[in-house]
Amino acid sequence: MTIAETGIRRLPFPVSLLTTIGFTIFVCSFGYLVIRLSFGWAVLFPVRFASECRLLTMLIATMFAAFLDWPPPLLPVAATLSALVGGWLVRGSTAVPATGWVAAVAALLAVDALTQQGGSHSPARLAAMRVVVAALSVCPIMSLLGAKRPQHGVWQLIVATLAVVLALPAASATLIRPGSFPDLHLLARWFLPVLVLVGWMNFIGTRRWLAVSLVTAGHLGLLWPLLPGVNLATAVPQTWVDLLSLAAIATGGLVAVTQAVLAGSRRASAAGPRSLTQRVDGCFLPLRETLGAAWALRLAERFDTLASQRGWPARLGFRGLEVGGDPDDTAWQRDAARAAEALFRRFVSADWLQRHGWWEGVETGSSGLPSDEAGQKGQ
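Quick note on numbering: the numbering used here labels position 252 of the sequence shown as 255, and the sequence is numbered without any gaps.
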């Protein structure tokens, strides 16, 4: 797909050079952030984290500058990089498979865009590819809906099976009726947007509301040819809708990564003794941003049930832990902390908890964990 084919007006300066510079800055920025995350916040350069905010702002600006000349492959590549960095940021949690699905569908979009740029495409092939992309694109949402240990690994097989079933019309049109358009069942046409909206509702109440809204808008744009009442044969190609959709998805991914990186910086600067409320909120809120409202509310419900049964003056709500009663009465807090840790461990590893400050300020043994909890880390 060339600029002439997309209808984008050429600029009076060499946009190809701008594309090269923008994409180089984009890749270098991601590499820089990964190194900073890997070796600490002030090891490489002793600067305040506001520099990372400016860096990511420049990163987004250069991405859209490059978008003017070579948009189709660049934007899915940006989404792929965001997914890979996001997977690294949520390592140790049951959300890692979901980021793998995101990276897979973004990479497929990049391959499809490169193929289109070469001109080797037909409306029927584009329609079949769009069905495959749609089938994979709902996998991250389904993956998060089953993100609880120990079944989250086996759940990915169910997610993959769903993708295969949704992609069957594309396989049938390509292998059995070459040159024909996929015949997507009406139930599948309704199922796709409904599942996308379920994913949006899962995060709209969290701090990721802007990122998830951008991604959902872009997702629905890519699904437009497959929605009920839309004629697939005449809906593809939809060049401008696809470009805007990919831009929204890539921007949403960058916003989410930026928020996660900034949250990590705040955790690193808040090291020191912590109360039970700070320990629980320091893990519960990031878990809410990672898995969404559905699992966060379920976890809070289980904690509140235990609190009622055991008489703890504490309740875990969507915004964190609320403790009542005498603030000096800490006899119940050790039991409450163990219960909260057991609930967290259904979704995250001990390393994840340690990274989020669960054991900071707690009396520890030789292993670095509380003496009565050290044996639980390897479980």
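Each residue gets a CB set at the ideal place from its N, CA and C atoms; glycine is no exception.
6 Å CB neighbourhood of residue i in its chain, flanking five on each side removed
i, result
"A64", "Low confidence applies here, because A64 scores a pLDDT of 49, under 50, leaving its location unreliable and the question unanswered by this model."
"L387", "Because the chain here runs from 4 to 382, residue 387 falls outside it and cannot be looked at."
"F52", "Interpretation of F52 is limited by its pLDDT of 44, a score under 50 that renders its predicted location unreliable; no figure is taken from the coordinates."
"I252", "A82, V218, G221"
"V2", "Absent from the structure is residue 2, since the part of the chain shown begins at 4 and ends at 382."
"V80", "A113"
"N205", "G295, A296, A297"
Closest residue to residue i among the options (Cα-Cα distance)
i, options, result
"G202", "G295, R358, I179", "G295"
"K151", "A334, R301, V326", "R301"
"P147", "G314, P185, P100", "The sequence given here has Leu at residue 147, not Pro. For L147, the nearest C-alpha among the options comes from P100."
"A236", "G224, S183, L84", "S183"
"S278", "W362, A345, V264", "W362"
"F321", "S311, T209, G90", "T209"
"G256", "D245, S85, V162", "S85"
"P153", "L195, L356, L346", "L346"
"I161", "Q357, P143, L178, S175", "P143"
"G360", "A299, G267, W298, L324", "G267"
"G285", "A340, I207, N234, R313", "A340"
"L112", "W193, L249, V258", "L249"
"V283", "V264, A297, A303", "A303"
"R348", "L290, P240, N234, L200", "L290"
"V233", "W193, F206, G156", "W193"
"W212", "A174, V258, I179", "V258"
7 Å Cβ shell around residue i - same chain, five flanking residues per side excluded
i, result
"T293", "V93, S96, A98"
"Q281", "none"
"L195", "A137, V141, L226, L229"
"Q159", "P100, S146"
"F48", "Unreliable placement is indicated for F48, whose pLDDT of 39 sits below 50; no coordinate value is reported for it."
"L189", "P231"
"A191", "L169"
Integer-rounded CB distance, given that residue j should sit under 8 Å from residue i
i, j, result
"L169", "A137", "7 Å"
"P185", "P172", "4 Å"
"G89", "V260", "6 Å"
"L187", "V134", "6 Å"
"A127", "A176", "7 Å"
"A214", "Q262", "7 Å"
"L139", "V114", "Incorrect: roughly 12 Å between the Cβ atoms, too far for contact."
"G323", "L356", "At roughly 16 Å, the Cβ-Cβ gap does not stay under 8 Å, so G323 and L356 are not in contact."
"R313", "D338", "7 Å"
"L200", "G224", "Incorrect: roughly 14 Å between the Cβ atoms, too far for contact."
In DSSP terms, what residue i is bridged to
i, result
"V351", "S96"
"V244", "DSSP, once it has assigned bridges, lists no residue as partnering V244."
"A263", "Bridge partners of A263: none, in fact."
"G320", "G323"
Sequence-distant residues of the same chain with beta carbon closer than 8 Å to residue i, five excluded per side
i, result
"R305", "L346"
"G10", "Residue placement at G10 cannot be trusted, given a pLDDT of 41 that sits under 50; what the coordinates show is reported in the next sentence. Correct list, in chain order: T242, W243."
"D307", "R318, L319"
Any C-beta of chain C under 9 Å from that of residue i
i, result
"A214", "Looking at the structure shown, chain C is missing, and only one protein chain is on hand."
* the region 85-101 in contact with the region 347-359 per 3-pair CB rule at 8 Å -> At 8 Å Cβ cutoff, the stretches touch.
* Check whether the region 315-328 touches the region 220-233, counting contact only when three or more Cβ pairs, one atom from each stretch, lie closer than 8 Å. => no
* Counting pairs of beta carbons, one from the region 213-221 and one from the region 154-169, are three or more of them closer than 8 Å? -> no
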